[in-house]
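Here is the structure we will look at.
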Amino acid sequence: MTDTAAELPTLFDHQSAEATLYQEWLAAGLFTADPAGSDLAGGDRDPFVIVMPPPNVTAVLHMGHGLNNTVQDVLIRWRRMCGDEALWLPGTDHAGIATQNVIEKQLGAEGKTRFDLGRQAFVERTSEFVTATGGTILDQLRAIGASCDWSRTAYTLSPELSQAVREAFVQLYERGLIYRGHRVIHWCPRCLTSLSDEEAEFGDETGTLYYLRYPLTGDPSQGITIATTRPETMLADVSVAVHPDDDRYRDLVGKTVTLPIADVEIPIITDEIGVDPEFGTGAVKITPAHDANDFEMGTRHGLAMPIVISPEGVMENGSDAGSRVPDTLLGLDRFEARKRIVEMLRESGALIRTESHAHAVRHCYRCDTVVEPRLSDQWFVKMKPLAEPALAAVRERQIRILPERWEAVYVNWLEGIRDWNISRQLWWGHRIPVWYCDGCSEVTVSRDDPSSCPKCGGSVRQDEDVLDTWFSSWLWPFSTLGWPDRNSADLKAFYPTDALVTAPEILFFWVARMIMAGYAFMDKAPFHTVYLHGTVRDMKHVKMSKSLGNGIDPLDVRAQFGADSLRYTVIAGLGMGADVMLDPNDLEKSFAPGRNFVTKLWNIGRFLLTNVGSDTVLPLDSIDSSRLRRADRWILGSLNTAIAECDAALGPARPRDRVWDEAELYRGLRLSEYTESARRFVWNELADWYLESTKSRLAAGGDDGEVARAVLAHSFDAALRLLQPIVPFITDTLWRRIPVQDADRGEFIAVAPWPVQDERFAAEPEFELVREAVNGIRQLRSDYAIPPGQRAHAVLDTSSAGDSASRDIAVFDEEASFIGRVTRTDVVTDAEGTDQAATILLSSGSRILLSLEGIIDIEKELKKARAELEKLSSQLDALETRLSNPGFTERAPGSVVEAERLKQGEWTARKAQLAQKVFSLGGS
RNA sequence: GGGCGAGUAGCUCAGUUGGUUAGAGCGCCUGCCUUACACGCAGGAUGUCGGGGGUUCGAGUCCCUCCUCGCCCACCA
Numbered sequence: 045m046t047d048t049a050a051e052l053p054t055l056f057d058h059q060s061a062e063a064t065l066y067q068e069w070l071a072a073g074l075f076t077a078d079p080a081g082s083d084l085a086g087g088d089r090d091p092f093v094i095v096m097p098p099p100n101v102t103a104v105l106h107m108g109h110g111l112n113n114t115v116q117d118v119l120i121r122w123r124r125m126c127g128d129e130a131l132w133l134p135g136t137d138h139a140g141i142a143t144q145n146v147i148e149k150q151l152g153a154e155g156k157t158r159f160d161l162g163r164q165a166f167v168e169r170t171s172e173f174v175t176a177t178g179g180t181i182l183d184q185l186r187a188i189g190a191s192c193d194w195s196r197t198a199y200t201l202s203p204e205l206s207q208a209v210r211e212a213f214v215q216l217y218e219r220g221l222i223y224r225g226h227r228v229i230h231w232c233p234r235c236l237t238s239l240s241d242e243e244a245e246f247g248d249e250t251g252t253l254y255y256l257r258y259p260l261t262g263d264p265s266q267g268i269t270i271a272t273t274r275p276e277t278m279l280a281d282v283s284v285a286v287h288p289d290d291d292r293y294r295d296l297v298g299k300t301v302t303l304p305i306a307d308v309e310i311p312i313i314t315d316e317i318g319v320d321p322e323f324g325t326g327a328v329k330i331t332p333a334h335d336a337n338d339f340e341m342g343t344r345h346g347l348a349m350p351i352v353i354s355p356e357g358v359m360e361n362g363s364d365a366g367s368r369v370p371d372t373l374l375g376l377d378r379f380e381a382r383k384r385i386v387e388m389l390r391e392s393g394a395l396i397r398t399e400s401h402a403h404a405v406r407h408c409y410r411c412d413t414v415v416e417p418r419l420s421d422q423w424f425v426k427m428k429p430l431a432e433p434a435l436a437a438v439r440e441r442q443i444r445i446l447p448e449r450w451e452a453v454y455v456n457w458l459e460g461i462r463d464w465n466i467s468r469q470l471w472w473g474h475r476i477p478v479w480y481c482d483g484c485s486e487v488t489v490s491r492d493d494p495s496s497c498p499k500c501g502g503s504v505r506q507d508e509d510v511l512d513t514w515f516s517s518w519l520w521p522f523s524t525l526g527w528p529d530r531n532s533a534d535l536k537a538f539y540p541t542d543a544l545v546t547a548p549e550i551l552f553f554w555v556a557r558m559i560m561a562g563y564a565f566m567d568k569a570p571f572h573t574v575y576l577h578g579t580v581r582d583m584k585h586v587k588m589s590k591s592l593g594n595g596i597d598p599l600d601v602r603a604q605f606g607a608d609s610l611r612y613t614v615i616a617g618l619g620m621g622a623d624v625m626l627d628p629n630d631l632e633k634s635f636a637p638g639r640n641f642v643t644k645l646w647n648i649g650r651f652l653l654t655n656v657g658s659d660t661v662l663p664l665d666s667i668d669s670s671r672l673r674r675a676d677r678w679i680l681g682s683l684n685t686a687i688a689e690c691d692a693a694l695g696p697a698r699p700r701d702r703v704w705d706e707a708e709l710y711r712g713l714r715l716s717e718y719t720e721s722a723r724r725f726v727w728n729e730l731a732d733w734y735l736e737s738t739k740s741r742l743a744a745g746g747d748d749g750e751v752a753r754a755v756l757a758h759s760f761d762a763a764l765r766l767l768q769p770i771v772p773f774i775t776d777t778l779w780r781r782i783p784v785q786d787a788d789r790g791e792f793i794a795v796a797p798w799p800v801q802d803e804r805f806a807a808e809p810e811f812e813l814v815r816e817a818v819n820g821i822r823q824l825r826s827d828y829a830i831p832p833g834q835r836a837h838a839v840l841d842t843s844s845a846g847d848s849a850s851r852d853i854a855v856f857d858e859e860a861s862f863i864g865r866v867t868r869t870d871v872v873t874d875a876e877g878t879d880q881a882a883t884i885l886l887s888s889g890s891r892i893l894l895s896l897e898g899i900i901d902i903e904k905e906l907k908k909a910r911a912e913l914e915k916l917s918s919q920l921d922a923l924e925t926r927l928s929n930p931g932f933t934e935r936a937p938g939s940v941v942e943a944e945r946l947k948q949g950e951w952t953a954r955k956a957q958l959a960q961k962v963f964s965l966g967g968s
């Protein structure tokens, strides 16, 4: 605290400051949460907890992470300063498919597959890779200042969290909410695993609708025509279905047709639910093993379910298929087979016609391969019972989702929720804790690995599959806190957590499921606020991604402009729910807001610290109000406003009473508004006005200089604290040099108290008058291009303002030096002895008389004054109409009417003055 | 096909229950290297608040309708 400002270089050296400061913060344990501090565990602080959406363990930091984690960091730093026991819990996700893909790619480069290694060696290799590289993204988060509690870093595949996963599976199984089903599921032929509904993403494509004619058995002159987009599946058809009310096919129902190529006979049946008579020909082929809808129909009618496409996506005669697939097609890729089959059908005359057809095709969310519906055995979670409390939570406002509109999306999805396929045919993940007996048919689901069948004592083998990655991450808000150990200190102190910050893309994947898990396993919502922020996009509104090459590396930005610039830019640009647009081809421009602000802040600090010096300033409380000048009271009042605005923008940290009430429901988390309020205060008020006004006082020294020093130091101190959550590095660097001594100030701004309003200060209208006067002079100077060297003689005349005129003039004289310095050559005196050459009218009714010999163009001024008068007149007319309107006076709030009346008075006075001015300038 | 959202300055967006003369950042124009800052200072221009209709004393804000763009959901073969 004794460092002198003279050491401050002309530019903030973010490179060295960031590394040094972050180490100091860690060494001081600023980010380590203490369970004993939480009032849930006997402490005296409200806990405030955010669990980080765990990035994939193989991920490398991109702007999306940068944005997501900066938002969380701002919130957690804010609450930490507010005195909460703040915990931001970091970690990574083992990311089943994604990680397995990375390793398989590596193996591919070595000419091997995972099967060459075998399961155990493959898992070991993946573990080693994760151990070696898995910390990368967390290190990168440290680099941008993330104030996580690293002592609690979690990993979804750690032994602790794996135990939680197993416990969750067993509990759900015991409650009858997990079952094994033989179903048609989404299958990725490249990843060789099933996918959940959410993992199989739709892509709109223009395909071809093929019309195929199946001849009637025994009478090829008759037949039925069906339409299909996937002719290769026709080999697995077991029936043709028509709607029972469809007269066109009435005579054909019950007869059989001969399936071309496969040469098997299949019946024509009716089905009310699965057939839309309006679509295609109104007749649909049924392929139970290769289509989810057909599977339902096949089940209803007890049909066979032959499989003709293998897991790898090539044609095969699988179970129940007999020899439906001819030798010439066996082993062909499904799309190649489609071409060949279409060709064969065309030759045999079975292909009637084709038409182009726009439809949605599902793709694997990891590798974009077209998903193949496939019949197989999978484990499912029954979601309906789990969804109910999750729905109620939002409806009853135990949980709010911001922006508000996502609540409807959430509710809509939960209302139509379907069971969750949690089996994945992968090796990387939590192996399903189910054992099958070789001897009997016993299925064992167990917390501990059984060595033999509990029923017959025979040998058992574990299910080969692993669980969906999200089956571990849906437990994240409590598994990371020690669950299933209900006595865990962390769980007691920090559950439920508070805010969950993420992108809308994973609302269903993750957020909704976490809420369900929270109720299912903890009987409590895992958090009370879901904040869904926008996506980072380029200037063409395309989402940034590595594969598209339009990404921005946050570490590049940090190297060039510093972590603070990066953080400020994304937070300042983050309207509620709005996307953040950045130009990957022009970092200079994209990050200008942050860079400019950081530099400005640095220069304010340099000036201020240089001029205030290093001697401890007076405590504000010790300064008698009579020693405070108008500017001092004004800046302290402005600070109050800034604090109030920041508080309002950040909003309530938690619901007052477990459930959100109407008034606070959608308040807060306006990060761009918070940033703007803090920016405006420190730049447009503190630097542009107050700091300028103190220059001569500081130079003059003495008692008044001491007051100015103290007010400068204290207001800058508070400004830095308001900004700390956004720009922690530069604020710490400057803050620790401010010569303020305060009992609870501490060593680090990160844990300094959040500013509170000082009720001694309020708005200072007289200073606003000064500001307006100066602005008026500047405008006139600019209009007449008066060179900086030329003195303008200005007189503030408040005599027409009504009361205490003489005092106003006297007070203003006191400030004359201030105005003189702002524009360097403007001088303000009282009204005596000055020839009126130009008048600047101020909103208060006061005016400035300006004498600029030989410069003022009377005609021009006259014209301006007339235009102004005209405008004011029409505005005044409108105002009078409104005030004479009974509807307005009756229904508008009293304060509004009052304000309008006051305004009317002001404007009338101004109008009279303006008219007088026009007259005095020689007009009429 | 269903549901939801958006359209405000050249660009990206604020504008909370209808109520002073609709704002910010970036960009643009003019003048300034004024010993904290040219990553700056001072001044300035640009808006029929998507079109049309309605409710109201009063509409960027509420209602209807149309247009244009997004997003989510859905088994239409």
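So for the first sequence, this note's numbering puts the first residue at 45; every next one is plus one. Cβ coordinates follow ideal geometry from the N, Cα and C atoms, glycine included.
(request) Specify, as a first and last residue, the run of the beta strand (DSSP E) that G267 falls within. (result) By one-based count along the first sequence, residue 267 stands at place 223. If you look at G267, you'll find it in the beta strand (DSSP E) that goes D263 to T272.
(message) Three or more C-beta pairs under 8 Å: does that hold for the segment 804 to 820 against the segment 669 to 680?
(response) Flag = yes, the segment 804 to 820 and the segment 669 to 680 touch.
(request) Look at the Cβ atom of W122, then the Cβ atom of L694, and state whether they are nearer than 8 Å. (result) By 1-based counting over the first sequence, the position of residue 122 is 78. By 1-based counting over the first sequence, the position of residue 694 is 650. Yes, Cβ-Cβ distance for W122 and L694 is below 8 Å.
(request) For A402, write down the residues that DSSP places opposite it in a beta bridge. (result) Stepping through the first sequence from its first residue, residue 402 is reached at position 358. DSSP lists T250 as partners of A402.
(message) Please tell me whether V489 and Y217 are closer than 8 Å, where the distance is taken between their beta carbons.
(response) Working through the first sequence from its first residue, we reach residue 489 at position 445. Working through the first sequence from its first residue, we reach residue 217 at position 173. Taking 8 Å as the Cβ cut-off, V489 and Y217 qualify as a contacting pair.
(request) Within the same chain, show all residues whose beta-carbon is closer than 7 Å to that of R673, passing over the 5 residues directly before and after it, in chain order. (result) Here residue 673 refers to the residue found at position 629 of the first sequence. Excluding sequence neighbours, R673 sits near nothing in its chain.
(message) Using 8 Å as the threshold, is the C-beta distance between K426 and L221 below it?
(response) Along the first sequence, read from residue 1 onward, the residue named residue 426 stands at position 382. Along the first sequence, read from residue 1 onward, the residue named residue 221 stands at position 177. Cβ distance < 8 Å, so K426 and L221 count as in contact.
(request) Enumerate in chain order the residues of its own chain whose CB-to-CB distance from T513 is below 6 Å, with the five nearest sequence positions on each side excluded. (result) By one-based count along the first sequence, residue 513 stands at place 469. So the qualifying residues of the chain are A139 and G140.
(request) Determine the closest residue to D6 out of Q207, T925, I181 and F159, with distance taken between C-alpha atoms. (result) A question about residue 6 goes unanswered here, because the residues of the chain that appear run from 45 up to 968.
(request) State the Cα-Cα distance for the pair P429 and K568, rounded to the nearest angstrom. (result) As a working mapping, residue 429 is identified with position 385 in the first sequence. As a working mapping, residue 568 is identified with position 524 in the first sequence. Cα to Cα, the separation comes out at about 15 Å.
(request) Check each candidate in P97, T546 and N819 and name the one with the smallest Cα separation from W450. (result) Taking the first residue of the first sequence as 1, we reach residue 450 at position 406. Comparing Cα-Cα distances from W450 to each of P97, T546 and N819, the minimum goes to T546.
(request) Give me whichever residues DSSP pairs with A285 in a beta bridge. (result) Position 241 of the first sequence holds residue 285. A285 is bridged to I313 and V328.
(request) From the DSSP output, in three-state form, read off P979 for me. (result) The structure shown has nothing for residue 979, since the chain only spans 45 to 968.
(request) Give the DSSP-derived three-state secondary structure of E242 in the structure shown. (result) Here the question's residue 242 lines up with position 198 in the first sequence. Correct three-state label for E242: coil.
(message) Within a Cβ cutoff of 6 Å, which residues of the same chain sit near L52, ignoring the five residues on either side of it in sequence?
(response) The residue you call residue 52 lines up with position 8 of the first sequence. Counting only Cβ-Cβ distances below 6 Å, and skipping sequence neighbours, we find R650.
(request) Helix, strand or coil for L395, going by three-state DSSP, please let me know. (result) Taking the first sequence and counting its residues from 1, one reaches residue 395 at position 351. The three-state reading of DSSP puts L395 in strand, counting E and B together.
(message) Alpha carbons only, please: which of E356, R390 and E391 is nearest the one belonging to L374?
(response) Taking the first sequence and counting its residues from 1, the one referred to as residue 374 is at position 330. With distances taken between Cα atoms, L374 lies closest to E356.
(message) Within 10 Å of its beta-carbon, does I461 have 16 or more other beta-carbons around it, so buried, or fewer, so exposed?
(response) Against the first sequence, residue 461 aligns to sequence position 417. So I461 ends up on the buried side.
(request) Please confirm if the segment 747 to 759 is in contact with the segment 654 to 663, defined as three or more CB-CB distances below 8 Å between the two stretches. (result) yes
(request) Taking all protein chains shown into account, decide if I14 is buried (16 or more other Cβ within 10 angstroms of its Cβ) or exposed. (result) This structure gives no information on residue 14, because the portion of the chain shown stretches from 45 to 968.
(request) Count the other C-beta atoms from every protein chain shown that fall within 10 angstroms of the C-beta of D412, then say buried if there are 16 or more, exposed otherwise. (result) The sequence position of residue 412 within the first sequence is 368, counting from 1. By the neighbour-count rule (16 or more Cβ atoms within 10 Å), D412 is not buried but exposed.
(request) In angstroms with no decimal places, state the Cα-to-Cα distance between C232 and Q442. (result) To locate residue 232, count along the first sequence from 1; it is residue 188. To locate residue 442, count along the first sequence from 1; it is residue 398. C-alpha separation (whole angstroms): 38 Å.
(message) Give me the residue from R714, L645, E810 and F792 with the minimum Cα distance to D732.
(response) Against the first sequence, residue 732 aligns to sequence position 688. When only C-alpha atoms are compared, the closest one is L645.
(request) Using the Cα positions of G86 and E129, report the straight-line distance between them to the nearest angstrom. (result) Indexing the first sequence from 1 puts residue 86 at position 42. Indexing the first sequence from 1 puts residue 129 at position 85. If you take the alpha carbons of G86 and E129, they lie about 12 Å apart.
(message) Restricting to runs no shorter than 3 residues, where is the beta strand (DSSP E) found entirely within the segment 562 to 607?
(response) Correct list: 573 to 576.
(request) Report yes if the C-beta distance between V101 and T136 is below 8 Å; otherwise report no. (result) Position 57 of the first sequence, counted from the first residue, corresponds to residue 101. Position 92 of the first sequence, counted from the first residue, corresponds to residue 136. Closer than 8 Å, so yes.
(message) Taking only three categories from DSSP, how would you classify T969?
(response) Residue 969 is absent from the model: the chain starts at 45 and stops at 968.
(message) If you reduce the DSSP assignment to three classes, tell me which class T613 lands in.
(response) Within the first sequence, residue 613 is the residue found at index 569, counting from 1. Three-state result, T613: helix.
(request) Look at the Cβ atom of L470, then the Cβ atom of V510, and state whether they are nearer than 8 Å. (result) Walking along the first sequence from the start, residue 470 turns up at place 426. Walking along the first sequence from the start, residue 510 turns up at place 466. Going by C-beta atoms, L470 is nearer than 8 Å to V510.
(request) Starting from Q164, trace the alpha helix (DSSP H) both ways and give me its first and last residue. (result) Start at 1 with the first residue of the first sequence, and residue 164 comes out as number 120. Where Q164 is concerned, the enclosing alpha helix (DSSP H) stretches over R163 to T177.
(message) Comparing C-alpha positions only, which one of A271, P321, S420 and R294 sits nearest to A336?
(response) Taking the first sequence and counting its residues from 1, one reaches residue 336 at position 292. Checked all of A271, P321, S420 and R294; the closest Cα to A336 is S420.
(message) Taking only three categories from DSSP, how would you classify V940?
(response) Along the first sequence, one-based indexing puts residue 940 at 896. In the structure shown, V940 sits in a helix (DSSP, three-state: H, G or I).
(request) State the Cα-Cα distance for the pair G326 and D338, rounded to the nearest angstrom. (result) Against the first sequence, residue 326 aligns to sequence position 282. Against the first sequence, residue 338 aligns to sequence position 294. Approximately 15 Å between the Cα atoms of the pair.
(message) Taking 6 Å as the limit between beta carbons, can you name the residues of its chain near G846, skipping five residues before and five after?
(response) Counting from 1 along the first sequence, the entry for residue 846 is found at position 802. Below a pLDDT of 50, predicted positions are generally treated as unreliable, and G846, at 36, falls in that range; the measurement from the model is reported next regardless. Excluding positions up to five away in sequence, the list is empty.
(request) Give me the Cα-Cα distance between G483 and D507, rounded to the nearest whole angstrom. (result) Here residue 483 is taken as the residue at index 439 of the first sequence, counted from 1. Here residue 507 is taken as the residue at index 463 of the first sequence, counted from 1. G483 and D507 have their C-alpha atoms some 15 Å from each other.
(message) Classify A452: buried if its beta carbon has 16 or more other beta carbons within 10 angstroms, exposed otherwise.
(response) Here the question's residue 452 lines up with position 408 in the first sequence. The residue is exposed, with fewer than 16 neighbouring Cβ atoms inside 10 Å.
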